[in-house]
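Before any comments, here is the structure.
Residue numbers (my numbering): 86 to 597.
Below, the structure is given as C-alpha cells:
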C-alpha cells in the first residue's frame with residue numbers, strides 16, 4: 086500500500102495530528118484563558134529573578150523605613166500631644182490663679198470704696214483707731230502697702246510674660262503638629278501605595294500558581310479531535326462516545342474479517358478449480374489424445390498437433406494460473422495489510438480505551454482530590470470570612486477611633502479658640518485691673534489727704550483742749566447757772582411786788 090493511501094486512510098479516520106503549539110506549550114490550544122495565563126507565566130519566568138529579588142528587598146527596606154518613620158512621627162505626635170496637654174493645664178492653672186487674684190483685688194477695692202462712702206462699717210481695729218495713729222505707723226503701713234503693690238505688679242508682669250511665652254509655644258507646637266500630621270499622612274499614603282503594589286504582585290503570583298495547578302491537573306492532549314473537543318462535556322457523554330467508537334470499530338473489524346473469509350473462500354474455490362483442472366487433465370497421462378480432446382472440447386481449440394496443443398494448453402493454463410496467483414497474492418497482501426492496519430487500529434483503540442479508563446480513574450482521583458481541595462478552600466474561605474469580619478470590625482473600630490480623634494482635635498481647636506478668647510478677656514481684665522489700680526492710687530491719695538487733715542484737726546483739737554484746761558467743769562457751771570436763774574426769778578418776783586413800793590425797792594434792786 087502506497088503512502089498516499091495511508092494518508093487518505095488517516096484523514097478518513099478519527100486520528101488527528103497534534104499541533105506544534107500544543108507540542109511546545111503542552112496545553113490545549115483551544116482554551117484561550119489557560120493560553121493567556123501560560124503566556125503571562127512564560128513572560129514572568131523569562132524576567133530576571135535577580136531583579137525581582139532586588140525589587141522585593143528594596144520594597145521591604147522601603148516599607149521598614151516607612152514603618153520606622155511612621156513610628157518616629159507617632160512618637161513625636163505623642164510628645165507634642167503631651168506638651169500641649171501640659172501647656173493647657175498650665176494655662177488653666179494660670180487662668181484660675183489670675184481669676185482668684187482679680188477677684189481678691191476687686192473685693193478689696195469694693196471694700197475700700199464702701200468704706201470711703203461710709204456704707205461699710207470699719208471692722209478692723211487698726212482702721213478704727215486710725216485717728217490716733219502716729220505718723221511713723223502710717224508710714225509703715227504705707228510702705229507695706231507699697232511693697233504688696235509692687236509684689237502684685239511683679240506677679241502680674243510675670244503672669245503676662247508666662248502667658249505670652251505659653252501662647253508663643255502653643256503656636257509653635259501647633260505648627261509642628263500640622264507639619265507632623267502632613268508628614269504622617271504622606272507616610273501613610275506611601276505605605277498604602279507600597280502595600281497595594283505588594284498585594285497586586287501577590288494576586289498575580291496567586292493567579293500564576295492557580296494556572297500552574299490547573300495545568301498540572303488538566304489531562305494531556307490526546308490524538309483524537311472528538312475526544313479533545315469532548316473534554317468540555319461531562320464524563321457521561323465522553324464515555325458514551327467512546328463506547329460508540331469501540332462498537333463502530335468492532336463492526337468494521339467484523340466486516341473486514343467477513344470480507345477476508347470471503348476472499349479466503351474464493352481463493353480456496355479457485356485452488357479447488359485449479360486442482361480439479363489439473364486432476365482432470367492428469368486422469369489418463371498415457372493417453373494424451375483424451376486429454377487433448379477434453380481440453381479442446383473445453384477450450385474449443387483448433388485441431389492442431391497433440392504435442393503443440395498440449396504445450397499451448399499447458400502454457401495458457403500456467404499463464405492464467407500465474408496471473409491468478411499474482412492477483413491472489415496481491416489481494417492477500419492487501420488483505421494482510423488491511424488486517425495489520427485494522428489490528429493496529431484495534432490495538433490503538435484498545436490502548437486508547439485502556440488509557441481512557443485509566444484517565445477516567447485518574448480524573449476520578451483528581452476529582453476527589455479537587456473535592457478535598459475545595460473543602461480545604463471552603464474552610465480557608467470560612468477562615469478568611471472570619472478574618473474579614475474581624476478586619477471589618479477593626480475598620481469600624483478604627484473609624485470610631487478616627488471620629489473620636491477628630492472630635493478630640495475639634496475640642497483642642499475649640500480650646501485653642503477659647504484660649505484666644507481667654508487671652509482677650511485677660512487683656513480686658515488687665516486693662517480693668519490697671520483702671521482699678523489707678524482708682525486705688527486715687528483712693529490712697531485721698532486717704533493720705535484725709536490722714537493729713539485728721540492730723541491737722543488733731544493738732545487744732547489739742548490746742549483747744551490745752552486752752553480749755555483752766556475752765557470749770559460743766560456740772561459746776563451748770564449748777565451756778567441754775568442758781569443764777571433761781572435768783573433771777575426771785576428778783577423778778579420782788580420787782581413785781583415792789584412796783585407798788587416805789588423807789589426803795591428799786592434802789593435795792595439797783596444795788597443788787
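Every residue, glycine too, gets a C-beta built ideally from N, C-alpha and C.
By the C-beta criterion, the stretch 175 to 185 is judged to be in contact with the stretch 504 to 511, since at least 3 inter-stretch pairs fall below 8 Å.
Annotated as proximal: residue 168 and residue 258, with beta-carbon spacing under 9 Å.
Contact fails between the stretch 186 to 195 and the stretch 286 to 296, because fewer than three Cβ pairs, one in each stretch, are under 8 Å apart. With contacts defined as CB atoms closer than 9 Å, residue 261 and residue 155 fail to qualify as a contacting pair. Using a 10 angstroms sphere on the CB of residue 504, the tally of other CB atoms reaches 16 or more, which defines it as buried. For residue 274, the three-state secondary structure derived from DSSP is helix. Residue 128 sits in a helix when the DSSP states are folded into three classes. Between the beta-carbon of residue 268 and that of residue 158 there is about 6 Å, and that keeps the pair under the 8 Å contact cut. Rounded to whole angstroms, the gap between the alpha carbons of residue 429 and residue 421 is 12 Å. A straight line joining the alpha-carbon of residue 284 with that of residue 452 spans about 31 Å. Going by beta carbons, residue 254 and residue 525 fall outside the 9 Å limit. Its chain contains no residue whose beta carbon lies nearer than 6 Å to that of residue 425 once the 5 sequence neighbours on both sides are disregarded. For the pair residue 438 and residue 406, the CB atoms are not nearer than the 9 Å cut-off. Using a 10 angstroms sphere on the CB of residue 449, the tally of other CB atoms stays under 16, which defines it as exposed. Less than 9 Å separates the beta-carbon of residue 289 from that of residue 125. Measuring C-alpha to C-alpha distances from residue 413 to each of 516, 351, 584, 473 identifies 351 as the nearest.
In this structure, the alpha-carbon of residue 515 lies about 19 Å from that of residue 175. Runs of the alpha helix (DSSP H) lying entirely within the stretch 502 to 571 and spanning at least 4 residues: none are present. The C-alpha of residue 161 is placed about 12 Å away from the C-alpha of residue 263.
At a Cβ-Cβ threshold of 9 Å, residue 173 and residue 490 do not count as neighbours. In the three-state DSSP reduction, residue 143 falls in the helix class (H, G or I). By the neighbour-count definition (other C-beta atoms within 10 Å, threshold 16), residue 427 is a buried residue.
Straight across, the Cα-Cα distance linking residue 472 with residue 445 is about 39 Å.
Under the three-state reduction of DSSP, residue 448 is assigned to helix.
Across the set 542, 339, 274, the C-alpha of 274 shows the shortest separation from the C-alpha of residue 151. Going by C-alpha positions, residue 435 is about 9 Å away from residue 441.
Taking the CA atoms as reference points, residue 528 sits about 25 Å from residue 545.
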